[in-house]
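What follows is a short report on a single structure.
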Amino acid sequence: MRPLRPALRARQPPGVAHVAVDRRSAGSTGRPTRTADRAVIALQPGSPVPWAGSRPYHGVLMNPAPNLVLVGPMGAGKSSIGRRLAGRFGLAFVDLDREVEQRTGATIPTIFECEGESGFRVREREVLLDLLAGEGLLLASGGGAVLDPANRRAMAARAFVVHLHVELAEQLERLGRDRTRPLLANGDREQVLRALATVREPLYRDVADLRFDTGGCAPPVAVARLGRLLDQRWQRAPFQPLPASAPTTPDDLRMQRPSRTVDVGGATPYPIRIGPGLLDDGALLAGPLRGRQALLVSDSEVAPRYAARVASALKRARPDLAIGEFVLPSGEASKTLDGFAGAIDALAALGARRDACVYALGGGVVGDLAGFAAACWMRGVDCVQLPTSLLAMVDSSVGGKTAVDLPQGKNLVGAFHPPRAVIADTTVLATLPARELRAGLAEVVKYGALGDAAFLDWLDTHADALLAMDHEALAEAIVRSCAHKAAIVERDPHEHGERALLNFGHTFAHAIETAQGYGGLNHGEAVAVGMVLAARLSEALGLAPAADGDRLRALLERFGLPVDLPAALDPERLLAHMRLDKKAQAGGLRFIVWRGAGRAEVLSDVPESAVLAVLRAN
0 MRPLRPALRA
10 RQPPGVAHVA
20 VDRRSAGSTG
30 RPTRTADRAV
40 IALQPGSPVP
50 WAGSRPYHGV
60 LMNPAPNLVL
70 VGPMGAGKSS
80 IGRRLAGRFG
90 LAFVDLDREV
100 EQRTGATIPT
110 IFECEGESGF
120 RVREREVLLD
130 LLAGEGLLLA
140 SGGGAVLDPA
150 NRRAMAARAF
160 VVHLHVELAE
170 QLERLGRDRT
180 RPLLANGDRE
190 QVLRALATVR
200 EPLYRDVADL
210 RFDTGGCAPP
220 VAVARLGRLL
230 DQRWQRAPFQ
240 PLPASAPTTP
250 DDLRMQRPSR
260 TVDVGGATPY
270 PIRIGPGLLD
280 DGALLAGPLR
290 GRQALLVSDS
300 EVAPRYAARV
310 ASALKRARPD
320 LAIGEFVLPS
330 GEASKTLDGF
340 AGAIDALAAL
350 GARRDACVYA
360 LGGGVVGDLA
370 GFAAACWMRG
380 VDCVQLPTSL
390 LAMVDSSVGG
400 KTAVDLPQGK
410 NLVGAFHPPR
420 AVIADTTVLA
430 TLPARELRAG
440 LAEVVKYGAL
450 GDAAFLDWLD
460 THADALLAMD
470 HEALAEAIVR
480 SCAHKAAIVE
490 RDPHEHGERA
500 LLNFGHTFAH
510 AIETAQGYGG
520 LNHGEAVAVG
530 MVLAARLSEA
540 LGLAPAADGD
550 RLRALLERFG
560 LPVDLPAALD
570 PERLLAHMRL
580 DKKAQAGGLR
590 FIVWRGAGRA
600 EVLSDVPESA
610 VLAVLRAN
């Protein structure tokens, strides 16, 4: 066997951190019961467990674990699914084969050529043990990593293990053009894969906490389904409530009030993480990263408070990350083509490649502009939304709408560009001005008005708690709002039908904002007025009872929101702006109306005379 070249030998892996394993409870395969740092629910051997795949379970159930590990044969999707799944759970993604190559300074085929498979397995074990000594990691293991008992023991002790399964026919199809696999370099591929499966499949089944079949599943679909299963079966860390006297640092808050996740499904699924202290969670923030470059976009109000924290958290998780920063003047007046050009210039200055990521740290203006820049740079790079206002958390950060304004109207130049993740740190709401809090509550009320009358009742009951910024009430309002929007976006991502319902009150609102030059009512306040006008239009058209409109108006007033059209605005001028609204069609004006609380619908060809009458009467 030829020795490795000096340059390769010089980049040997660093020393291996040892993983403590309780061997007293290990079974015949060397798989330990995980007693050291996780709560154990004991089951009798062979007890059936309702999971994906129905094999008898021989270990533990619902154990907290600091890492996720994917095992399975080559071609099962460990890397493609793992990268997306890491973003879903806010974990740092590592492909074990690529990490071995990086640490060794040689490709896997070269290592096989120089040291044989046994030499490669030694290196693989050293890297795997080193990685699993840490936490916050999603590790896509190599197909043969389970052959080493030490690897299986480390996986069992330090990770929740998912076995990704694929049938042979689909495995062959997926690997058809792959010439990078040393074990497939010679001989009949089908025979080789069958032989490998005979040895490895029992080991996958033994080490796994969960078995998931990836056959016939595109990676985004597989991630959405597997993510839901993991939500039910895996805990990242044990929950330990703090005593009442404990300090409330971001780390303390994350333990005291764990985050909640709302999944947005569809062709491009992504998670919405909601909870306290998330802007300091480096592993969560860095989870969606695919490359080594990030642009942090913020505004002059938010950046001084949070930009350094976010950058520091990212650097802790990814020391190799190059971070650029672009700061806009705060306010809607900055959401222009000039502001967009500034963000593009910042990406160019960073030398951003196709695997770069844009982080949008701020309210709706920042999220819209940063998302649009991400959509356009090199025809689309990743974006992570970090909303810092209630309005952005419940509305603009979710759904992938990105845009800038023109003098002729709002959001006229834009694109649909779903984020890789939305991470909403609820602790930032403590510094939100009262006016901005109320503006966000207008969008929260909207979800009840358009499709959930019971949510309107809940808001009425909890209005005082919401205005007092009670954390639990705000978190519940955010989760319910995001869940409502996520369900609609999943069914209609590009607003060809049902998604238009989310614009309840917005045709009036956008006309008001444009007429005032974005210097009068803010967006949430304009939406509040717009919803009252939409309810009155529905009443005038004979669609809804006046009592429901009165109830909506009273709830908005209770939240301290305006409900009347500013006197200085000319109805004719507002109507002219509505003709330019994106929701207008060739046949005439289109409005979101309702037939009472919780029952909105799209109505086309609304007579302009009816709209003018409502504007003049308000």
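Numbering that gives the first Met the number 0 applies: residue 0 is where the sequence shown begins, and numbers increase by one. Backbone N, C-alpha and C define an ideal beta-carbon position, used for all residues, glycine too.
(request) Leaving out five residues on either side along the sequence, give the residues of the same chain with a beta carbon under 7 Å from the beta carbon of Gly74. (result) Closer than 7 Å at Cβ, skipping near neighbours: Val165, Gln170, Arg173, Leu174.
(message) In whole angstroms, give me the CA-to-CA distance for Arg93 and Thr401.
(response) Sequence check: residue 93 is Val here, not Arg. Roughly 30 Å separates the two Cα atoms.
(request) Leaving aside the five residues before and after Asp212 along the sequence, list all residues of the same chain whose C-beta is less than 6 Å from its C-beta, in chain order. (result) Around Asp212: His164.
(request) Below 8 Å on the Cβ atoms is my guess for Val478 versus Ile422; work out the distance and round it to an integer in Å. (result) Not confirmed; about 14 Å, so no contact.
(request) Measure the CB-CB distance between Leu90 and Leu127 and report whether it falls below 8 Å. (result) Leu127 is positioned such that its CB atom lies no closer than 8 Å to that of Leu90.
(request) Classify Asn410 as helix, strand or coil using the three-state DSSP reduction. (result) Under the three-state reduction of DSSP, Asn410 is assigned to strand.
(request) Taking 8 Å as the cut-off, decide whether the C-beta atoms of Leu389 and Gly450 are in contact. (result) Remark: C-beta atoms of Leu389 and Gly450 do not approach each other more closely than 8 Å.
(request) With a 10 Å radius around its C-beta and 16 neighbouring C-beta atoms as the bar for buried, classify Arg122 as buried or exposed. (result) The Cβ neighbour count for Arg122, taken over all protein chains shown within 10 Å, is at least 16; the residue is labelled buried.
(message) Within 10 Å of its beta-carbon, does Val198 have 16 or more other beta-carbons around it, so buried, or fewer, so exposed?
(response) The residue is exposed, with fewer than 16 neighbouring Cβ atoms inside 10 Å.
(message) Give me the DSSP bridge partner(s) of Ala293.
(response) Answer is Ile322, Cys356, bridged to Ala293.
(request) Identify which residue in Asp230, Pro570, Gly115 has its Cα closest to the Cα of Ala609. (result) Among Asp230, Pro570, Gly115, the Cα nearest to that of Ala609 belongs to Pro570.
(message) Which residue wins for smallest C-alpha separation from Thr260, given the options Gly529, Arg227, Arg193?
(response) Relative to Thr260, the option among Gly529, Arg227, Arg193 whose CA is nearest is Arg227.
(message) Considering just the uninterrupted stretch of the alpha helix (DSSP H) at Lys445, what are its terminal residues?
(response) Counting along the chain, the alpha helix (DSSP H) containing Lys445 begins and ends at 433-450.
(request) Under 8 Å Cβ to Cβ from Ala599, same chain only, skipping five residues before and after it: list those, please. (result) Take Ala599, set aside five residues on each side of it, and the residues of its chain with a beta-carbon closer than 8 Å to its own are Ala448, Leu449, Gly450, Leu500, Phe503, Ile591, Val592, Trp593, in chain order.
(request) State the beta-bridge partners of Asn66 as determined by DSSP. (result) According to DSSP, which records beta bridges pairwise, Asn66 is partnered with Leu136.
(message) Check for me: the beta strand (DSSP E) holding Asp262 runs from which residue to which?
(response) Counted as a single uninterrupted DSSP element, the beta strand (DSSP E) harbouring Asp262 occupies residues 259-263.
(request) Would you kindly check if the distance between the Cβ of Arg291 and the Cβ of Leu283 is under 8 Å? (result) Contact annotation: Leu283 and Arg291 have beta-carbon atoms that are not nearer than 8 Å.
(request) Run the CB neighbour count on Gly541, radius 10 Å, all protein chains shown included, and call it buried at 16 or more, exposed below. (result) Result: exposed.
(message) Excluding the 5 residues flanking His461 on each side, which residues of the same chain have their C-beta closer than 7 Å to its C-beta?
(response) Excluding residues within five positions, the ones whose Cβ falls inside 7 Å are Ala472.
(request) Look up Arg598 in the DSSP assignment and say whether it is helix, strand or coil. (result) The DSSP-derived three-state label of Arg598 is coil.
(request) May I ask which residues mark the beginning and end of the alpha helix (DSSP H) holding His576? (result) For His576, the enclosing alpha helix (DSSP H) stretches over residues 570-578.
(message) Starting from Arg419, trace the alpha helix (DSSP H) in both directions and tell me its first and last residue.
(response) Premise fails: Arg419 is in no alpha helix (DSSP H) and is neither H nor E.
(request) Classify Lys633 as helix, strand or coil using the three-state DSSP reduction. (result) With the chain running from 0 to 617 in the structure shown, residue 633 is simply not present.
(message) Tell me which residue opens and which closes the alpha helix (DSSP H) that Pro268 is part of.
(response) Taken as a continuous stretch (DSSP letters only), Pro268 belongs to no alpha helix (DSSP H), as it is neither H nor E.
(request) Note down, one range per segment and in chain order, each alpha helix (DSSP H) of at least 4 residues found wholly within the segment 141-229. (result) Here the runs fully enclosed are 148-157, 167-173, 188-206.
(request) Give the DSSP-derived three-state secondary structure of Leu284 in the structure shown. (result) Leu284 falls in the helix class under three-state DSSP.
(message) Quick check on the burial criterion: 16 or more other C-beta atoms within 10 angstroms. Buried or exposed for Asp547?
(response) The residue in question, Asp547, is buried, as its Cβ has 16 or more Cβ neighbours within 10 Å.
(request) Determine the closest residue to Ala285 out of Asp319, Gly264, Pro303, with distance taken between C-alpha atoms. (result) When each option's Cα is compared against that of Ala285, the closest is Asp319.
(request) Counting only the same chain and skipping the five closest in sequence on each side, list residues whose C-beta sits under 8 Å from that of Ala266. (result) Pro219, Pro492.
(message) In chain order, what are the residue ranges of uninterrupted alpha helix (DSSP H) at least 4 long that sit wholly in the segment 330-405?
(response) Within the segment 330-405, the complete alpha helix (DSSP H) runs of at least 4 residues are 336-349, 363-375.
(message) If you follow the alpha helix (DSSP H) that Leu473 is in, where does it begin and where does it stop?
(response) Secondary structure note for Leu473: its alpha helix (DSSP H) is the uninterrupted segment 470-490.
(request) Starting from the Cα of Glu435, find the closest Cα among His522, Ala369, Val161 and give me that residue. (result) Glu435 has its Cα closest to that of His522, out of His522, Ala369, Val161.
(request) Over the uninterrupted beta strand (DSSP E) stretch that includes Asp94, give me the two end residues. (result) Counting along the chain, the unbroken beta strand (DSSP E) around Asp94 starts and ends at 91-94.
(request) Report yes if the CB atom of His620 is closer than 8 Å to the CB atom of Val526, and no otherwise. (result) The structure shown does not extend to residue 620, since the chain is modelled only from 0 through 617, so no value can be given for it.
(request) Can you check DSSP and say which residues form a bridge with Gln234? (result) Gln234 pairs with Pro63.
(message) Do Ser395 and Gly361 have their beta-carbon atoms positioned less than 8 Å apart in this structure?
(response) No, the pair does not count as a contact, with Cβ atoms beyond the cut-off.
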